[in-house]
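I have placed the structure first, in the form of structure tokens, so that the comments after it can refer back to it.
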Amino acid sequence: MGGKGAAAMDGSSCGLYVHVPFCVRKCLYCDFYSLPTGTEKLAGRIGSGTPEQRTFLDALELELKRLPNDFQPSTIFVGGGTPTELCDDDFSRLLAIIRSSVDTAQITEWTCEANPGTLTQSKAEMMRDAGVNRVSLGVQSFDKATLEFLNRIHTPEEAEAGYELLRSAGFNNINLDLIFGVPGSDLETHIEDVRKIIDLNPEHCACYCLTFEEGTPLYDLKERGFVRELSGDQCADQYHAIRQMLMEAGYRHYEISNFSRKDRECRHNLLYWSGGRYIGCGPAAHTHWKGTRSANVRNLDSYCKAVLKGKEAKEFTETLSPEEHARETLVMSLRRIDGVAFEDFIQQTDFDYLDLAEEAIERLTWEGLLDQSCGRLRLTEKALFISDTVFSQLI
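Next comes the structure, spelled out in structure tokens:
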């Protein structure tokens, strides 16, 4: 297969992801790579940065300086971990390092994650002044018992205060994260969470079902019989209730777990869901650049040692065949509620998705899980909560 798809990808937008691998303490469910620092909040701030954090910033600065000459992102996403766990001096340096590494005048969206327990006015102002124009606030719930079960470091009151702090600092593009399907919770708990979201009126809301990832404390508690997962029907009921409430409040459901006001979709994540190109920096960060996929080592010490010695800190690097890339693009594109247009898919990948998986697509359509009308392929409403089952049959 030839150049049309490759040319389309080369001319498309690309993104930069920066992973900050620190948090105050690990949440019960978290499978992302991060190291708990154990720092405690004091008078609204946390203590001085650690030598480990300063070494990380030294390595990150070098890795960012080595970005390809022809790489100019249109979006930046700073995640973790918890970027706002860094002390003021280190947080300011993080933002400055990023600014010096890319032409921020060409950035249309710069997102930074924040935790209500470590977000301060000074950090909000630093983000605003550096050029961050979107903040993703990890609220997860406004229910005290749910937050305590999840081992979050903030209270419902701090979650609301963090949101208001961002508004007062001038941010007009805020995402709030919510988690549902929490053991011990019921439908009304999550309905109240959504009511609070609607009252606050953020531009974006991401709602995720709690997952029991192997290796997390939550998974261990389940295996030892101390915690029981909610049933699939219970979680599905919560998902559909949340979805209906947000849509009735004027939010557009544009991706399986994401809702936004008009033109406030997360542009960076849309790159992931469209088979786009991105480069990840920091330990455990993933990259998809010019047909090659790679990931940095999931270990801070190994990452820092490699980068500071002038080496790459890759855990793996692989090149997908054109067909493998097309199949992956198909699955990621189906995460979007609008799905993928037949002609657009051919132009992007040089493949007809029916040639890739006609039998599976026809079967899933017959089962009412895929819709092929109007020249597009999309998940049906019935399939939204069981999308992984659909995707596994298309890979």
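The sequence shown maps to residues 47 to 441 in the numbering used here.
The beta carbon of each residue, even a glycine, is placed where N, CA and C say it ideally should be.
None of these values were measured; they are calculated from a predicted model.
By the neighbour-count criterion, in which a residue is buried when 16 or more other Cβ atoms sit within 10 angstroms of its Cβ, M293 is exposed.
Closest in alpha carbon position to L108, among I143, G126, E203, K268, is I143. The count of Cβ pairs closer than 8 Å, one atom from the region 116 to 125 and one from the region 310 to 318, reaches three, so the stretches are in contact. Taking a C-beta distance under 8 Å as the contact criterion, L110 and C281 do not qualify as a contact pair. Approximately 7 Å separates the beta-carbon atoms of G163 and V70; this is inside 8 Å, confirming the contact. Between the region 380 to 393 and the region 411 to 430, the count of C-beta pairs closer than 8 Å reaches three or more; the two stretches touch. In this structure, D77 places its C-beta atom within 8 Å of the C-beta atom of G261.
For H371, the uninterrupted alpha helix (DSSP H) segment begins and ends at 368 to 379. Per the coordinates, the alpha-carbon of T130 lies some 11 Å from the alpha-carbon of S168. Annotation for H200: P162, G163 place their beta carbon closer than 6 Å to its own, counting only its chain and skipping 5 residues before and after. Distance check between D239 and each of S340, S277, A191, G278 places A191 closest, using alpha-carbon atoms only.
Note that the C-beta distance between T395 and T365 is not below 8 Å. When P329, L183, S187 are compared, the shortest CA-CA separation from Y79 is found for P329. Inclusion of D223 and A252 in the CB contact set at 8 Å is warranted, their separation being smaller than that value. Where I143 is concerned, there is no enclosing beta strand (DSSP E), although the alpha helix (DSSP H) around it starts and stops at 134 to 147. For N221, the secondary structure class from DSSP, reduced to helix, strand or coil, is strand. G184 and I153 have their C-alpha atoms spaced approximately 23 Å apart. Boundaries of the beta strand (DSSP E) around Q186: 180 to 186. Spatial neighbours of C255 in its own chain (CB-CB distance under 7 Å, excluding positions within 5 residues in sequence) are listed in chain order as F226, G227, C281, Y285. The continuous alpha helix (DSSP H) containing I243 extends over residues 233 to 246. Going by C-alpha positions, R213 is about 14 Å away from E204. Rounded to whole angstroms, R174 and W156 show a C-alpha spacing of 10 Å. CA-CA distance, L193 to E234, rounds to 16 Å. In the three-state DSSP reduction, A287 falls in the helix class (H, G or I).
When the Cα atoms are used, S146 and F272 turn out to be separated by approximately 49 Å. Between V386 and L410, the C-beta gap is not smaller than 8 Å, which leaves the two residues out of contact. Closest option to S320, judged by alpha-carbon separation, among S348, R289, H371, L267: H371. Short of 8 Å from the beta carbon of L132, and not among the five residues preceding or following it, lie these beta carbons of its own chain, in chain order: V66, F68, G95, Q99, L140. With respect to the C-alpha of N247, the residue from N197, D116, K308 having the closest C-alpha is K308. Of F258, E413, V64, the smallest CA-CA separation from Y75 is found for F258.
In this structure, the alpha-carbon of L346 lies about 46 Å from that of E413. About 7 Å separates the beta carbon of G322 from that of S59, a gap short enough to meet the 8 Å contact definition. Taken through DSSP and simplified to helix, strand or coil, P119 comes out as coil. Listed in chain order, the non-local C-beta contacts of S182 below 6 Å within the same chain comprise T157, E159, N221, local neighbours out to five positions each way being set aside.
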